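A.B. asks:
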Amino acid sequence: TAIRGAIILAKLSVVPVRRGYWGNKIGKPHTVPCKVTGKCGSVQVRLIPAPRGTGIVGAPVPKKLLQMAGIEDCYTSARGSTGTLGNFAKATYAAIAKTYAYLTPDLWKDMPLSKAPYAEFADYLAKNHRPAHTAAHVDQ
């Protein structure tokens, strides 16, 4: 049915929102992890991390979306025809979705360090691998 299809589509469209800190990492993450930009049509929205207690500084459309995303403190900047509310909301959504697009050092995978080639083959290199000088080689 249409309702079941809409429910499935809504569940598949859920986007994770990454939150971060503005200064020191005390308490729970409260703002966006870094500056992110979203664009739809002529509207360009930029989300900028803010200190704890600032609240969401912006127009009603991004403010509502950021509140629903769980972001407590954020500065916003918008350019273009923000009167087109659909594009304004989509640009804000695109910026929120981009929070996981940046690969920051805390998301780096831990890689085990391998030995340097000299350290790995030190025993082999220490051995004398020159051919033995025999009487047959000296005569020629």
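In my numbering, the protein residues as written are 112 to 251.
Glycine residues also receive a C-beta, built at the ideal position from the N, C-alpha and C atoms.
These numbers come from a predicted model, not from an experiment.
Which residues does DSSP list as the beta-bridge partners of Y229?
C.D. replies: Locating residue 229 in the sequence shown gives position 118, counting from the first residue. Its beta-bridge partners do not exist; DSSP assigns none.
A.B. asks: According to DSSP, is L236 helix, strand or coil?
C.D. replies: What you label residue 236 is simply residue 125 of the sequence shown in a count that begins at 1. Note: L236 maps to helix in three-state DSSP.
A.B. asks: Any chance the CB of D217 is under 8 Å from a heavy atom of the ligand PLP?
C.D. replies: The ligand PLP is absent from the structure shown, which contains no ligands of any kind.
A.B. asks: Closer than 9 Å, CB to CB, is H141 near chain C or not?
C.D. replies: Annotation note: the requested chain C is absent from the structure, which comprises a single protein chain.
A.B. asks: Contact between the segment 159-168 and the segment 122-139: three or more CB pairs below 8 Å?
C.D. replies: Counting Cβ pairs under 8 Å, three or more are found: they touch.
A.B. asks: When DSSP labels each residue in this structure, what does Y211 get in the three-state scheme?
C.D. replies: Position 100 of the sequence shown, counted from the start, is the residue given in the question as residue 211. Correct three-state label for Y211: helix.
A.B. asks: Is it the case that the Cβ atoms of Y213 and C145 are separated by a distance below 9 Å?
C.D. replies: Numbered from its first residue, the sequence shown carries residue 213 at position 102. Numbered from its first residue, the sequence shown carries residue 145 at position 34. The answer is yes: Cβ separation under 9 Å.
A.B. asks: In this structure, does DSSP put K150 in helix, strand or coil?
C.D. replies: Looking up residue 150 in the sequence shown gives position 39. The answer is strand: DSSP assigns K150 an E or B state.
A.B. asks: Near C151, which residues of its chain fall below 7 Å by C-beta distance, leaving aside the five closest residues on each side in sequence?
C.D. replies: In the sequence shown, residue 151 corresponds to position 40, counting from 1. Cβ neighbours of C151 beyond the five flanking positions: N198, K201, A202 and A205.
A.B. asks: Reducing DSSP to helix, strand and coil, say where T195 ends up.
C.D. replies: By one-based count along the sequence shown, residue 195 stands at place 84. The answer is coil: DSSP assigns T195 none of H, G, I, E or B.
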